[in-house]
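Asks: Let me give you the structure first, and then I'll get to my questions.
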Amino acid sequence: MWSLFRLVESGFRCKLIEAGSDFGGTWYWNRYPGARVDTDVPSYEFELEELWKDWNWPEVFPGGEDLRAYFKSVGQKLDLRRHCLFDHAVRSAHWGEISHLWNVTADGAAGVYEASSRHVIFALGTSAQPYIPNIKGLDRFSGHCMHTARWPRDGLETRGKRVGIIGTGASGVQVIQEVGPVAEKLTVFQRTPNLAIPMRQRALQVQEQTSAKSSYPDIFNNRHGTFTGFSYDFNPRKTEEDTPEQREAFWEGLWSLGGFRFFVGGYHDLFFSKEANDLAYAFWRKKVSERIRDPKKRDLLAPAISPHPFGAKRVSLEQNYWEVVCQDNVDIVDVNNDPIVEVTATGVRTAKRTYDLDILVLATGFDAYTGSYLQIDIRGEEGRTIQEHWREGVRSYLGTTVNKFPNLWFMYGPHSPGAFSVMPALAEVQGGWIVDAMKQLRAENVTKFVARTNAAEAYSQHVRELAPPLLLQAKSWYLGANIPGKVQGIHDYFGGVPAYIQELKEEAEKGYPNFQRA
Ligand code: N01
9 MWSLFRLVES GFRCKLIEAG SDFGGTWYWN RYPGARVDTD VPSYEFELEE
59 LWKDWNWPEV FPGGEDLRAY FKSVGQKLDL RRHCLFDHAV RSAHWGEISH
109 LWNVTADGAA GVYEASSRHV IFALGTSAQP YIPNIKGLDR FSGHCMHTAR
159 WPRDGLETRG KRVGIIGTGA SGVQVIQEVG PVAEKLTVFQ RTPNLAIPMR
209 QRALQVQEQT SAKSSYPDIF NNRHGTFTGF SYDFNPRKTE EDTPEQREAF
259 WEGLWSLGGF RFFVGGYHDL FFSKEANDLA YAFWRKKVSE RIRDPKKRDL
309 LAPAISPHPF GAKRVSLEQN YWEVVCQDNV DIVDVNNDPI VEVTATGVRT
359 AKRTYDLDIL VLATGFDAYT GSYLQIDIRG EEGRTIQEHW REGVRSYLGT
409 TVNKFPNLWF MYGPHSPGAF SVMPALAEVQ GGWIVDAMKQ LRAENVTKFV
459 ARTNAAEAYS QHVRELAPPL LLQAKSWYLG ANIPGKVQGI HDYFGGVPAY
509 IQELKEEAEK GYPNFQRA
């Protein structure tokens with residue numbers, strides 16, 4: 009939305025093609041009960057004053073409906089809808105070697121839409137391609153079965169139902185919190201426990217927001233100055249530099265403030281020192297164990313030995329997760345000890361028993377970063393497909409473009425700080441940079457602009473080197489390790505938001521030396 013706004017404002021003729029029927033992106037698709045953002049507002053907003061001056065949220069961490077309403081209002085205030093083609097999924101984008109245009113096709117209910125365009129920006133999100141595991145019999149289930157990102161738009165009654173949920177990532181945690189209290193029976197099929205930390209949700213009054221608005225410009229500016237773009241940052245001290253008592257007091261403070269503070273507001277050696285990471289895990293385990301009264305469940309949810317380094321899989325924010333999973337109507341099945349054998353017409357059969365279900369929820373995540381791109385027939389120079397280009401592993405230049413694919417840009421994609429940043433802020437940074445480059449090219453009458461191969465190789469190597477060692481010790485979606493058969497590698501930029509912005513800025517200020525133009 010931000011790029012579209014900047015493009016229109018800059019006088020470009022453009023069309024936003026969107027598979028959904030409305031604005032919202034991830035929030036359009038993820039309609040499972042409990043879906044909410046875990047970035048606090050106003051950080052999770054665009055910086056333009058006309059968008060925030062009259063906008064108020066009911067909660068610090070808004071839910072899906074409020075987020076959809078927000079993005080709808082952004083579309084209205086910026087008058088974007090007339091540039092949009094909804095309900096169309098892009099099927100192909102082919103570079104014209106002679107025309108220097110992209111030929112794009114998109115499928116919609118009424119037929120195929122075709123367009124040619126000087127530039128193409130893919131804003132496909134980090135996690136838009138659902139991952140459905142290959143479980144025997146999944147198509148035989150006679151009840152409702154869906155991925156969290158494909159929850160029915162008009163809702164699904166879970167009250168009084170027997171519900172099974174496979175997966176305990178951020179989506180799993182959120183849906184479990186909502187469904188556990190109302191379901192007759194909830195069975196959670198867990199492979200890896202979620203090292204969730206407290207969200208500390210609270211209601212927001214209009215008055216409180218009105219008086220805080222004078223500080224919004226500073227809040228938005230600060231999103232460019234911290235590692236993740238949040239209002240807090242890593243503690244520059246190492247864990248061992250503090251005494252056990254100082255550490256305890258520091259962590260207690262972060263824990264009670266909530267949000268991601270215990271994670272990306274903690275000691276900066278979390279990802280670099282195993283000892284530091286173990287100490288953080290021990291504190292986490294002590295805190296959550298106090299809330300898990302059932303000792304059997306405690307062993308499954310907060311084991312004595314960490315399942316992976318703390319933070320190496322995306323930490324989730326929880327509100328009452330430990331209390332809900334401890335309810336008598338909630339079972340946790342450890343699929344490492346009791347694997348799922350098949351899905352039957354009436355439920356799930358594991359190695360040890362069967363679970364009769366009315367609803368089966370696949371909270372099994374996404375083929376992140378690249379999955380959405382690989383669904384599209386994207387062909388660059390010499391007809392090279394993006395599938396071929398990324399066959400040996402993902403490569404990009406500055407996390408915004410790819411060598412051999414002229415005039416192609418992307419946002420939130422591979423090699424950007426997508427997993428560790430505030431999304432609206434990243435949209436502004438990347439979108440603003442891309443549109444500025446396009447304006448420059450228009451002024452110079454450049455019709456072909458492509459990253460140099462050596463620059464893309466060097467940037468991709470640089471991104472690999474930035475990844476802290478402990479992060480590599482989990483089978484996370486950051487690495488593509490959650491998808492069987494996917495080439496694993498570093499998909500996220502781990503240098504932090506300020507360093508990323510600096511890399512973009514330098515390239516532009518030097519006149520884009522790492523691009524060839526024609
Ligand atoms: O997906 P995930 P997600 N059998 O990949 C399990 C964003 N997000 O949708 O860890 C059994 O994290 C898998 O197990 P394991 C956020 O960035 C944000 O929850 O691979 N289990 C894991 O537990 C987030 O990180 C928000 O061992 C299987 C789960 O499924 C990202 O989206 C809310 C399995 C997948 O977890 C993705 O989160 C929601 C199998 N065959 C999402 N296959 C907010 O802002 C997979 N699993 C709040």
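First residue of the sequence shown? That's 9 in my numbering, and the numbers climb one at a time after it.
Don't be surprised by glycine CBs; every beta carbon is placed ideally from N, CA and C.
Where DSSP assigns a beta bridge to phenylalanine 457, which residues make up the other side?
Replies: Taking the first residue of the sequence shown as position 1, residue 457 is located at position 449. DSSP, once it has assigned bridges, lists Arg525 as partnering phenylalanine 457.
Asks: Helix, strand or coil for glutamate 436, going by three-state DSSP, please let me know.
Replies: Residue numbering aside, residue 436 sits at position 428 when the sequence shown is read from its first letter. Of the three classes helix, strand and coil, the one that applies to glutamate 436 here is helix, per DSSP.
Asks: Name the DSSP bridge partner or partners of glycine 116?
Replies: Against the sequence shown, residue 116 aligns to sequence position 108. According to DSSP, glycine 116 bridges with His96 and Gly119.
Asks: Would you identify the three-state DSSP class for histidine 102, choosing helix, strand or coil?
Replies: Taking the sequence shown and counting its residues from 1, the one referred to as residue 102 is at position 94. Strand at histidine 102.
Asks: Please classify threonine 218: does DSSP put it in a helix, a strand, or coil?
Replies: The sequence position of residue 218 within the sequence shown is 210, counting from 1. Threonine 218 falls in the helix class under three-state DSSP.
Asks: Since glycine 379 and glutamine 137 are thought to touch, with beta carbons under 8 Å apart, how far apart are those beta carbons, to the nearest angstrom?
Replies: Within the sequence shown, the letter at position 371 stands for residue 379. Within the sequence shown, the letter at position 129 stands for residue 137. Contact flag correct, Cβ pair sits at about 3 Å.
Asks: Going by the C-beta, is glycine 237 closer than 7 Å to any heavy atom of the ligand N01?
Replies: Locating residue 237 in the sequence shown gives position 229, where the first residue counts as 1. Glycine 237: no, Cβ never under 7 Å from the ligand N01.
Asks: How would you label glutamate 26, buried or exposed, when you count the other beta carbons within 10 angstroms and need 16 or more for buried?
Replies: Locating residue 26 in the sequence shown gives position 18, counting from the first residue. Buried is the call here.
Asks: Compute the beta-carbon to beta-carbon distance between histidine 276 and phenylalanine 242, rounded to the nearest angstrom, for a pair I have assumed lies under 8 Å.
Replies: Mapped onto the sequence shown, residue 276 falls at position 268. Mapped onto the sequence shown, residue 242 falls at position 234. Indeed, because the Cβ distance is near 4 Å, the residues count as touching under 8 Å.
Asks: Taking the DSSP output, what are the residues bridged to arginine 44?
Replies: Here residue 44 refers to the residue found at position 36 of the sequence shown. According to DSSP, which records beta bridges pairwise, arginine 44 is partnered with Gly71.
Asks: Return the chain-ordered list of same chain residues with a C-beta closer than 6 Å to the C-beta of tyrosine 40, the five sequence neighbours on each side being excluded.
Replies: As a first step, residue 40 is located in the sequence shown; it is residue number 32 there, counting from the start. Excluding residues within five positions, the ones whose Cβ falls inside 6 Å are Thr156, Trp159 and Val183.
Asks: Quick one: what's leucine 89 bridged to in DSSP?
Replies: Residue 89 sits at position 81 when you count from the first residue of the sequence shown. Checking the sequence shown, residue 89 turns out to be arginine, not leucine. Beta-bridge pairing links arginine 89 to no other residue.
Asks: Determine the burial state of proline 50: buried for a count of at least 16 other Cβ atoms within 10 Å of its Cβ, exposed for fewer.
Replies: Indexing the sequence shown from 1 puts residue 50 at position 42. That one is buried.
Asks: Output the distance between the C-alpha atoms of valine 556 and threonine 461, rounded to the nearest integer angstrom.
Replies: With the chain covering 9 to 526 only, the question about residue 556 has no answer from this structure.
Asks: By a C-beta neighbour count over all protein chains shown, 10 Å radius and 16 as the cutoff for buried, is asparagine 490 buried or exposed?
Replies: By 1-based counting over the sequence shown, the position of residue 490 is 482. Classification for asparagine 490: buried.
Asks: Could you tell me which of Leu109, Leu12 and Phe197 sits nearest to histidine 343, measuring between CA atoms?
Replies: As a working mapping, residue 343 is identified with position 335 in the sequence shown. The amino acid occupying residue 343 in the given sequence is valine; histidine does not appear at that position. Of the listed residues, the one whose Cα sits closest to valine 343 is Phe197.
Asks: May I ask you to list the residues that DSSP assigns as paired with isoleucine 509?
Replies: One-based indexing of the sequence shown puts residue 509 at position 501. In DSSP, isoleucine 509 forms no bridge with anything.
Asks: For the segment 231 to 241 against the segment 431 to 439, do three or more pairs of beta-carbon atoms, one drawn from each stretch, fall closer than 8 Å, so that the two count as touching?
Replies: With the cut-off at 8 Å, the segment 231 to 241 and the segment 431 to 439 touch.
Asks: In whole angstroms, what separates the C-alpha of aspartate 375 from that of tyrosine 139?
Replies: The sequence position of residue 375 within the sequence shown is 367, counting from 1. The sequence position of residue 139 within the sequence shown is 131, counting from 1. Their backbone Cα atoms lie some 6 Å apart in a straight line.
Asks: Does the Cβ of alanine 359 lie closer than 7 Å to at least one heavy atom of the ligand N01?
Replies: Here residue 359 refers to the residue found at position 351 of the sequence shown. Answer for alanine 359: no, Cβ out of range of the ligand N01.
Asks: Please state whether the Cβ-Cβ distance between lysine 2 and aspartate 162 is less than 8 Å.
Replies: Outside the shown range of the chain (9 to 526) lies residue 2, about which nothing can therefore be said.
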